[in-house]
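Quick notes on the structure that follows.
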Amino acid sequence: MSEYILELKGITKTFPGVKALDDVYFKLKPGEIHALMGENGAGKSTFIKVITGVHAPDEGEMFLNGEKVHFRNPTDAQKAGIAAIYQHVTCYPDLSVTENIFMGHERVAKGTKRLLWREMHEEAGRLLQRLGASFSPKTQMGALSVAEQQIVEIAKALSVNAKIIIMDEPTAALTNSESEELYRIAEQLRDQGTSIIFISHRFEDMYRLASQVTVFRDSRYIGTWRVDEISNHDLIVAMVGREITQLFPKKAASIGEELLRVEGLGRTGYFADVSFTLRKGEILGLTGLVGAGRTEVCQALFGIARPDKGKVFYKGREVAIRHPLQAMNLGIGYLPEDRQKQGLVLQWEIGRNITLPALEKLSRNGTIQIRREWEFAKRLAEKLGVKAKSVFDPAGSLSGGNQQKVVFAKLLTADLDVLILDEPTKGVDVGAKSAIYEIISDLACSGYGILIVSSEMPEIIGMCDRVAVMREGRITAFMDRGEMTQEAILAASMADGAPKNEQIRWAQA
Amino acid sequence: MEPRVILGKKAFSFRSFFLQWEWMLVLLFIAVNVMNVNLSEFYWNFGNLRDATMSFLDKAFIVLPMVFVIILGDIDISVGSIVALSSVIMADLYNHGLPMPLAMVVCLAVGTLCGWINGLLIVKFKELSAVIVTLSTMIIYRGVAYILLKDQAAGKFPEWFNFLGWDYIGGIPFILIAFAVFAAAFWYLLHKTTFGRRVYAMGSNLTASRFSGVRTDRIKIVVFTLAGLMSAVTALFLTSRMGSTRPNIAAGYELDVIAMVVLGGISTAGGKGRMIGAILAVFLIGYLRYGLGLVNVSAQTLLIIIGLLLIVAVAIPKLKLGRASARRRA
Amino acid sequence: MRERGGHTAVAAVGEALGAAAPNKSLSANIARFREVGLLVFIVLLSVGVQLRNPSFLTWENLNDIAMNTAILSILAVGMMLVIITRGIDLSIGATLALSGMIAALTVKEYPGASPAVALLIGIGIGLVCGALLGLLVAKANILPIIATLGMMNVFRGLTYEASGGKWVSAHQMPADFKAIATGSLLGVNHLIFIAIVIYIAAYYFIAHTRTGRQVYAVGSNPESAEVSGIRSGRILWLVYTIMGGLAGLAGVLWVSKFASAQGDTASGYELSVIAACVLGGVSIAGGSGKISGILLGSVLLGILNNALPMINVSPFWQNWIQGMIILVAVLVNALVKRGIDRNHLMRRRI
């Protein structure tokens with residue numbers, strides 16, 4: 004019997020164009036709660052998928068109880084006693100709690116193969132009771148709150164006698180008292196000998212639960228510490244303290260009159276009470292954790308989903324934006340977060356993609372003027388330095404960075420004043436990143452007001468004049484260029500991270 | 007970084023030019039004609055071929071907007087019922103004393119309204135598929151036709167109304183000329199205008215289209231409304247040819263129309279296919295029917311053939327795709 | 011990203027409902043009490059019709075309704091399974107006609123054959139039709155609407171081919187074949203008896219077997235189903251095959267009951283079956299549907315079909331009424347779903 008129930012050595016995983024994990028180590032003892040921390044995109048999710056058999060690593064070894072294992076698919080991992088509970092619960096909303104718990108390993112009678120409902124309901128009831136849940140196992144899954152669904156997922160893990168349970172940001176969608184409930188369950192499981200890998204952005208979670216913490220940064224392993232040995236400040240430095248190797252060509256732009264003012268914007272279930280202003284030539288950052296409501300705010304401003312509270316003023320005039328075309332005609336453009344699903348028609352050629360928002364301009368009486376369209380697309384593609392043989396290459400054949408440039412080109416087809424850029428450098432390699440930063444900076448200098456949503460702190464700090472930090476659907480802090488530090492932003496974006504005065508101290512540091 | 011010069015002209019490739027589904031249709035078309043000539047000595051006769059065109063072109067008017075519907079990735083199975091309803095209302099109003107030209111306008115208006123209702127329901131209830139919406143309106147529209155006319159026929163149209171379905175202009179059937187005009191217009195709309203471009207965009211990626219400022223809801227409503235309008239046009243020609251109308255006319259037209267569109271290479275997944283393919287498919291199926299009819303193949307056998315054609319036309323590209331992805335996996 | 015349809019006039023109604031009952035909206039209650047509501051509606055309808063025409067609630071007429079409902083409800087079982095997997099089957103009217111016709115031709119040719127043989131032939135042909143359709147949907151990945159629309163015509167054409175365009179009429183059928191539908195067992199008419207057996211079997215299948223629950227899982231969340239190790243293709247194939255088998259059985263019963271087999275038997279009957287399902291709360295989006303719901307849905311449709319002529323509603327209104335029932339039922343189902351989703355959103359903490 005090995006000291007460790009799970010051990011991973013030198014795990015490397017490469018996706019086309021991106022190194023998602025680079026020589027990563029991890030050790031888990033039996034009956035331990037081990038926190039895994041890191042910024043968005045640090046490689047935690049990929050790491051989890053390697054453990055649960057969703058991805059096979061390119062390099063490295065994995066040991067379970069000292070024995071080398073190799074999972075080909077999720078079922079292998081399940082059989083080995085590893086269960087994962089994801090942030091976005093994957094369940095059958097139309098089926099009962101019991102069925103969700105037992106899906107895939109139902110209890111059946113020996114001869115007749117009849118489902119043993121009573122046995123399953125009882126077992127499910129016992130599991131739920133053990134977890135302190137008050138709802139009946141016969142409840143329909145879709146009727147439960149997210150917290151309750153998470154408890155069901157934990158019960159599912161218990162029902163297969165999982166020895167290792169991975170919780171991927173389980174508290175992200177929970178209230179404080181619900182989180183408290185989860186802590187209790189996790190501690191209880193730990194005391195019964197189950198090992199838990201706990202991924203969270205909340206320091207509170209980590210301090211409350213974990214005995215060990217491992218930090219990843221930029222797909223790499225940074226280190227493992229005992230929780231009582233590492234200070235809050237050191238931990239934050241470990242998470243964000245990368246050397247800023249990228250060049251941020253932020254040029255000083257003259258900041259002009261107010262373009263956009265948002266007052267008390269809210270949308271049930273997504274965000275509430277969001278207020279800010281954006282001026283000409285200004286780059287305003289909007290940061291916070293994934294799921295904090297940033298994208299939803301942007302989409303509300305672009306008319307994708309209408310907010311149900313609050314006011315939006317554009318150039319001093321109150322506007323109600325009903326659909327994207329109206330937003331674009333006003334002068335607001337949006338670069339969507341997911342360029343493959345929301346930004347581009349991948350099967351289409353580059354040129355058609357670029358001209359899609361500008362067809363009106365390139366047509367006469369509704370007829371597209373093909374030659375003008377080609378010229379127009381070619382000019383914009385060249386202006387943004389899209390690397391392609393011709394404007395007739397399909398957009399899907401381009402690299403991430405070049406695809407993003409094409410999406411930028413789409414924005415430049417219209418006469419806009421406000422650009423909302425949602426994760427403009429997500430999944431883009433370093434070279435293309437600095438090219439995109441240059442584009443953004445140039446646009447600000449030429450008088451655009453720019454709102455950047457980003458999870459990458461160097462990007463926010465390097466590019467923005469001001470930053471608004473969101474947490475759980477609300478803006479929690481504004482910082483000017485002088486006040487911005489990675490530590491301060493991180494502290495503001497994480498709930499209950501540390502005492503208030505400490506946050507302020509970081510902000511001033 | 008030196009911006010690279012990007013080509014602004016398309017390279018012509020013989021390979022991709024000839025590897026188009028439309029050539030396949032042309033070959034099939036020739037094959038059908040060769041087969042028909044061998045089957046019957048009456049087939050290869052200008053007068054016969056010309057008159058055959060008149061008998062199958064009525065539903066071809068619906069094929070044109072159905073191409074748009076299917077490129078959107080949707081489907082409309084209520085078109086046959088719209089034909090029946092607009093035809094019945096026209097006949098009913100005429101028999102109640104409305105002048106025929108006005109009744110014809112009402113016919114077009116009814117079809118347009120029916121299509122608009124389809125579109126509106128589909129856009130407002132995005133969680134319902136177009137299948138279930140048009141399935142229920144299919145029953146409702148024909149139901150209204152039955153309420154109006156019971157199981158009777160209505161007719162006794164003025165003499166000049168026969169012109170639509172039976173007359174020639176310079177030796178060419180009027181219905182063929184009308185179809186050519188509409189086909190050209192729809193071809194232009196699909197391939198040359200901003201509207202057509204946006205329809206393709208929506209079929210390929212609805213979300214990205216919306217984010218690019220395409221008024222997706224409005225376009226969808228317009229497309230379904232066009233399907234309704236053209237169903238009414240079909241109603242005019244069909245009623246003229248039959249000389250009278252009943253609530254059960256044009257039953258099963260949706261199948262024929264969808265079969266022609268799919269055979270024309272328009273993918274049910276949306277975003278792919280061209281107008282010319284569907285037009286070729288109209289004539290392909292039309293002459294196939296005519297030829298087989300000449301040698302006394304029953305209408306029922308034709309039903310089987312059309313059904314199988316639909317299945318095969320949808321299945322072939324999937325099989326090809328399946329093999330390609332299997333190879334990629336290997 | 012899922013398209014959000016909100017903020018229409020209809021959503022406004024949903025909001026109004028939500029405002030009226032802040033904790034649990036009306037629509038959530040509709041979901042819970044749908045069956046009770048259907049039952050109440052059935053009772054009210056019956057009372058209303060009875061007041062207009064006293065011959066409605068007679069033993070004879072009720073028996074008639076039950077017999078007519080039997081075939082519809084048998085088909086609704088299969089259709090429910092298909093719709094739960096997010097599919098639809100438009101071919102069942104044709105499958106019914108084909109198997110009914112072949113069974114009728116068999117007994118016409120061999121009048122000595124046992125009625126059981128006719129039943130088996132009908133079911134067998136239905137199973138083959140369904141299995142074929144299942145292959146097209148599950149293996150060739152053809153949209154159910156396209157596959158069933160195409161095969162509907164193939165089966166219908168085959169029916170005409172088989173009969174040579176002629177009818178098989180009452181006097182060509184042996185008495186014991188007609189007795190399949192008219193006879194009774196333990197004082198219960200065969201049709202009703204068969205329907206009861208099928209409902210019990212179906213209840214056992216969907217509630218007590220692993221495969222039955224997998225049908226729901228595949229419809230509720232196809233991606234998760236794949237991860238849970240459910241072979242979705244096999245489940246899809248299975249539901250279309252079951253649907254075909256039931257249509258085949260219904261074909262024999264139909265032909266026996268009406269004592270005639272025609273080329274256009276049960277033409278358009280699939281629409282009544284779909285109506286019974288959506289009326290019974292089977293969600294077109296897949297994943298949900300209850301045996302009790304479709305039973306009530308079938309009974310309601312059966313009563314409507316019987317009662318409308320009795321209160322002098324022209325038979326020509328039936329098409330329209332049926333279409334409206336389907337449309338209103340799916341719209342209500344959709345609004346209920348929206349209300350529930352909205353409830354869930356409001357519970358989220360900001």
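Protein chains in written order, with my numbering: chain B, 4 to 512; chain S, 7 to 336; chain G, 11 to 360. Positions of the beta carbon are idealized from the N, C-alpha and C atoms, including for glycine.
Could one say the Cβ of residue i lies closer than 8 Å to chain B's Cβ atoms, at least one of them?
i              : result
F169 (chain S) : no
T95 (chain G)  : no
G175 (chain G) : no
Y209 (chain G) : no
Report, in whole angstroms, the separation of the C-beta atoms of residue i and residue j, which I expect to be a contact under 8 Å.
i              : j              : result
L31 (chain S)  : G292 (chain S) : That belief does not hold up - the Cβ atoms of L31 (chain S) and G292 (chain S) are roughly 13 Å apart, past 8 Å.
V283 (chain G) : L85 (chain G)  : 4 Å
S210 (chain S) : G276 (chain S) : 7 Å
A160 (chain B) : A86 (chain B)  : 3 Å
D97 (chain B)  : G297 (chain G) : 4 Å
M253 (chain G) : M89 (chain G)  : 7 Å
T199 (chain S) : G354 (chain B) : At roughly 17 Å, the Cβ-Cβ gap does not stay under 8 Å, so T199 (chain S) and G354 (chain B) are not in contact.
P360 (chain B) : K413 (chain B) : 5 Å
Roughly how many angstroms separate the alpha carbons of residue i and residue j, rounded to a whole number?
i              : j              : result
I335 (chain B) : I423 (chain B) : 7 Å
I285 (chain S) : F203 (chain G) : 53 Å
L126 (chain S) : I227 (chain S) : 6 Å
R348 (chain G) : S293 (chain G) : 13 Å
W27 (chain S)  : V318 (chain S) : 14 Å
S304 (chain S) : I112 (chain G) : 19 Å
K34 (chain G)  : L196 (chain G) : Per-residue confidence for K34 (chain G) stands at a pLDDT of 46, beneath the threshold of 50, marking its modelled position as unreliable; the derived number appears in the next sentence. Cα-Cα distance, rounded: 47 Å.
I247 (chain B) : F217 (chain S) : Note that I247 (chain B) scores a pLDDT of 46, beneath 50, so its modelled location is shaky; the value from the coordinates is reported in the next line. Answer to the nearest angstrom: the Cα atoms are 33 Å apart.
D396 (chain B) : V239 (chain S) : 41 Å
N151 (chain G) : G97 (chain G)  : 12 Å
D223 (chain S) : H326 (chain B) : 10 Å
At a Cβ threshold of 8 Å, is residue i touching chain G?
i              : result
V85 (chain S)  : no
Y186 (chain B) : no
K156 (chain S) : yes
I88 (chain S)  : no
T271 (chain B) : yes
What are the boundary residues of the alpha helix (DSSP H) that includes residue i?
i              : result
D425 (chain B) : No alpha helix (DSSP H) holds D425 (chain B); the beta strand (DSSP E) holding it covers 421-425.
V129 (chain S) : 106-130
S266 (chain G) : 242-268
Residue i versus chain S: which residues are under 7 Å apart at the beta carbon?
i              : result
E363 (chain B) : T200
H519 (chain B) : Any question about residue 519 (chain B) goes unanswered here, given that chain B covers just 4 to 512.
Taking CB distances under 8 Å as the criterion, tell me whether residue i reaches chain S.
i              : result
I371 (chain B) : yes
Q350 (chain B) : yes
A295 (chain G) : yes
G47 (chain G)  : no
N163 (chain G) : yes
By the criterion of Cβ-Cβ separation under 8 Å, what are the contact partners of residue i in chain G?
i              : result
K116 (chain B) : T219, R220
Cβ closer than 8 Å: which chain B residues qualify as neighbours of residue i?
i              : result
T213 (chain S) : K344, Q345
Could you spell out where the beta strand (DSSP E) holding residue i opens and where it closes?
i              : result
W330 (chain G) : No beta strand (DSSP E) holds W330 (chain G); the alpha helix (DSSP H) holding it covers 328-356.
D483 (chain B) : 477-483
V456 (chain B) : 452-456
R205 (chain B) : From DSSP, R205 (chain B) is part of no beta strand (DSSP E); its letter is neither H nor E.
Which chain S residues are close to residue i, counting only those with a beta carbon under 9 Å from its beta carbon?
i             : result
P60 (chain B) : Those within 9 Å of P60 (chain B) in chain S number zero; the least Cβ separation is about 20 Å.
Which chain B residues sit within Cβ distance under 9 Å of residue i?
i              : result
S273 (chain S) : The contacting residues do not exist; S273 (chain S) stays about 11 Å from chain B at best.
Show which residues of chain G have a CB atom less than 9 Å away from the CB atom of residue i.
i              : result
G149 (chain S) : F326, W327, Q328, N329, W330, I331, Q332, G333, M334
Tell me which residues of the stretch 97-127 of chain B have at least one Cβ-Cβ distance to chain D shorter than 8 Å, keeping chain order.
Chain labels in this structure do not include chain D; the protein chains are B, S and G.
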